[in-house]
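Trainee: Residue numbers (the numbering used here), protein chains in the order written: chain B, 261 to 333; chain X, 14 to 383. Each residue gets a CB set at the ideal place from its N, CA and C atoms; glycine is no exception.
Written as structure tokens, this is what we have:
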């Protein structure tokens, strides 16, 4: 079951990468460069809020590696 | 905790050709739980592009934690409840990280290091990440490796010095869907071995047919394997001057925990310089296989009554106001509220002993781009 879900996740990611996307020329990227289109918040905001929730929940992570841990008691 | 080290790939690509070459900022988080902990956390961060192909980003933070912490779950009153110690906890945590990236055309390689130190917890982590832009930067593939080396101590047991080592693997895809939309999906897998027990958590259970209660320490498996699948969508609506931001994360581990996190936000421009961002975050998790608020008979080797391993759900609405001032100065203020309770678990079935948690937080940040 676990392997099947992993396969679904990978397939979905591959599908997102593969097709169904309109061509986007470099001069059409103005909206994509807006700050509110960034996939990650500013470092200060992201770190503070992520730790706040991770200290109270069992789940954490997902977007990066090498972040390390904390006691969070 | 995973620190957020990855820069928004698209933002890096988009800004690489612009005059902007760096940013420095400071933020302060104030967080207060009703009747429990208070946290003040100032964070200083910066990033700079050097010679067009190098980028360095770093941050440093201090957590100042005060208040009471739930240490004991007891059923002395008839049903298991958390017992809050009267003693006030004071703890300081210092943390810092640095990430260096070198671009080679469409390829970018990064190395990172993070450290976190508390009186009873020390963590060192290292990361390597590779990104490649394909199809004229419409698609970006990311792969990463991470390793963390943690040491757990205890302020009530000076002899405790236990190790925990974790390896992490990341694979992600970022795809520009249109001139107005981008999606990113990443899968992170971690394999951990070592000490996961919480030295401050105890379970005290009274049995109706037994005069002497049983006191059990927190005992967890000596390994933890996790999978996090995070997908983010950004879609701008030019006519409305607003952007939809949606993040979904599925999490599972070999302790039996399954969790879902969904955050949806709408960032609305107000004039040229201001924006407001209402957001709602929903979280739900199932209990770990070894979670129990009472000590079963016979007593198992693996047992924890830490309610963070129980079944519950949480809602967190927040509102952010952003002001973009002259000279590249950006001021942000965020106010949020958190409520975690057993009744908010998706599909019901929250752990009966879960004590509702209510907290409020405020976050103010000032940054300057140059």
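Buried or exposed: which applies to residue 339/X, given that a residue is buried once 16 or more other Cβ atoms fall within 10 Å of its Cβ?
Mentor: Label assigned to residue 339/X: exposed.
Trainee: Could you please give the first and the last residue of the uninterrupted beta strand (DSSP E) stretch that includes residue 152/X?
Mentor: From DSSP, the beta strand (DSSP E) with residue 152/X extends over 152-165.
Trainee: Residue 30/X: buried (16+ other C-beta within 10 angstroms of its C-beta) or exposed?
Mentor: Because the pLDDT at residue 30/X is just 41, under 50, the model does not fix this residue reliably, and the value given afterwards should be weighed accordingly. It is exposed - the Cβ of residue 30/X has fewer than 16 other Cβ atoms within 10 Å.
Trainee: Less than 6 Å between C-beta atoms, sequence neighbours within five positions excluded: which residues of the same chain meet that for residue 25/X?
Mentor: Residue placement at residue 25/X is flagged as unreliable, the pLDDT there being 37, under the threshold of 50; a coordinate-derived value is accordingly withheld.
Trainee: At what residues does the beta strand (DSSP E) containing residue 79/X begin and finish?
Mentor: It spans 67-80 - the beta strand (DSSP E) in which residue 79/X sits, taken as one unbroken run.
Trainee: Indicate whether residue 228/X and residue 243/X have their beta-carbon atoms separated by less than 9 Å.
Mentor: Contact flag unset, no.
Trainee: Taking the alpha carbon of residue 355/X as the reference point, which residue from 159/X, 335/X, 328/X, 373/X has its own alpha carbon closest?
Mentor: Checking every option, the nearest Cα to that of residue 355/X belongs to 328/X.
Trainee: Rounding to the nearest angstrom, what Cα-Cα distance links residue 67/X and residue 252/X in this structure?
Mentor: Straight-line Cα distance between these residues: approximately 37 Å.
Trainee: Between which two residues does the beta strand (DSSP E) carrying residue 124/X extend?
Mentor: That run of the beta strand (DSSP E) goes 120-131.
Trainee: Where do the ends of the beta strand (DSSP E) carrying residue 306/B lie?
Mentor: From DSSP, residue 306/B is part of no beta strand (DSSP E) but of the alpha helix (DSSP H) over 303-314.
Trainee: In the DSSP output, which residue or residues are listed as bridge partners for residue 354/X?
Mentor: BP columns for residue 354/X point to 326/X.
Trainee: Taking C-beta to C-beta, are residue 288/X and residue 347/X nearer than 9 Å?
Mentor: Contact: no.
Trainee: Identify each residue in the region 37-48 of chain X for which the Cβ-Cβ distance to at least one residue of chain B is less than 8 Å, and report them in chain order.
Mentor: Going along the region 37-48 of chain X in chain order, one finds 38, 39, 40, 42, 44 with a Cβ nearer than 8 Å to chain B.
Trainee: What's the call for residue 42/X, buried or exposed, on a 16-neighbour Cβ count within 10 Å?
Mentor: The residue in question, residue 42/X, is buried, as its Cβ has 16 or more Cβ neighbours within 10 Å.
Trainee: Does DSSP put residue 176/X in a helix, a strand or coil?
Mentor: Strand at residue 176/X.
Trainee: Which residue spans inside the region 190-255 of chain X form an unbroken beta strand (DSSP E) run of at least 3?
Mentor: DSSP runs (the beta strand (DSSP E)) wholly in the region 190-255 of chain X: 194-207, 215-218, 227-230, 236-250.
Trainee: Closest Cβ-Cβ distance between residue 264/X and chain B: below 9 Å?
Mentor: For residue 264/X, the answer is yes, since a Cβ of chain B falls inside 9 Å of its Cβ.
Trainee: Please list the segments of the beta strand (DSSP E) lying wholly inside the region 248-317 of chain X, counting only runs of 3 or more residues, in order along the chain.
Mentor: With a minimum length of 3 residues, the continuous beta strand (DSSP E) runs that stay inside the region 248-317 of chain X are 255-266, 271-283, 287-298.
Trainee: Along the chain, where does the beta strand (DSSP E) that runs through residue 94/X open and close?
Mentor: Start and end: 94-97.
Trainee: By DSSP's criteria, residue 139/X is part of a beta bridge. Which residues make up the other side?
Mentor: According to DSSP, residue 139/X bridges with 126/X, 160/X.
Trainee: How about residue 239/X and residue 207/X: are their beta carbons less than 9 Å apart?
Mentor: No. Outside cutoff.
Trainee: Can you check which of these residues, 267/X, 112/X, 201/X, is closest to residue 233/X by C-alpha distance?
Mentor: Out of 267/X, 112/X, 201/X, 267/X has the C-alpha closest to the C-alpha of residue 233/X.
Trainee: Does the region 305-320 of chain B come into contact with the region 218-226 of chain X, if we say contact requires no fewer than three beta-carbon pairs (one atom in each stretch) closer than 8 Å?
Mentor: Result no; under three Cβ-Cβ pairs closer than 8 Å.
Trainee: Just to confirm, does residue 43/X get its C-beta within under 8 Å of one of the non-hydrogen atoms of the ligand FMN?
Mentor: Summarising the ligand content, the structure contains no ligands, and the ligand FMN is consequently not present.
Trainee: Is the beta carbon of residue 49/X sitting closer than 9 Å to the one on residue 93/X?
Mentor: No, Cβ-Cβ distance for residue 49/X and residue 93/X is not below 9 Å.
Trainee: Any C-beta of chain X sitting closer than 9 Å to the C-beta of residue 317/B?
Mentor: True, the Cβ-Cβ gap to chain X drops below 9 Å.
Trainee: Reducing DSSP to helix, strand and coil, say where residue 321/X ends up.
Mentor: Note: residue 321/X maps to helix in three-state DSSP.
Trainee: Whole angstroms is fine: what's the gap from residue 190/X's alpha carbon to residue 196/X's?
Mentor: Cα-Cα distance, rounded: 7 Å.
Trainee: Report the neighbours of residue 249/X on chain B: residues whose CB is nearer than 7 Å to its CB, in chain order.
Mentor: In chain order: 291, 294, 297.
Trainee: Mind listing the chain B neighbours of residue 370/X? Cutoff is C-beta to C-beta under 7 Å, in chain order.
Mentor: Those are 316, listed as they occur along chain B.
Trainee: What would DSSP say about residue 46/X, mapped onto helix, strand or coil?
Mentor: The answer is strand: DSSP assigns residue 46/X an E or B state.
Trainee: With a CB to CB cut of under 8 Å and the five nearest residues on each side skipped, what residues in its chain are close to residue 186/X?
Mentor: 152, 153, 154, 155, 197, 198, 199, listed in sequence order.
Trainee: Quick check on residue 366/X: does DSSP put it in helix, strand or coil?
Mentor: Residue 366/X falls in the coil class under three-state DSSP.
Trainee: Give me the DSSP bridge partner(s) of residue 185/X.
Mentor: For residue 185/X, which the question treats as bridged, DSSP gives the partners 155/X, 199/X.
Trainee: Going along the chain, which residues of the region 268-279 of chain X sit with their C-beta nearer than 7 Å to a C-beta in chain B?
Mentor: Under the 7 Å Cβ criterion, the region 268-279 of chain X contributes 270, 272, 274.
Trainee: Got a sec, what are the start and stop residues for the beta strand (DSSP E) residue 284/B sits in?
Mentor: From DSSP, residue 284/B is part of no beta strand (DSSP E); its letter is neither H nor E.
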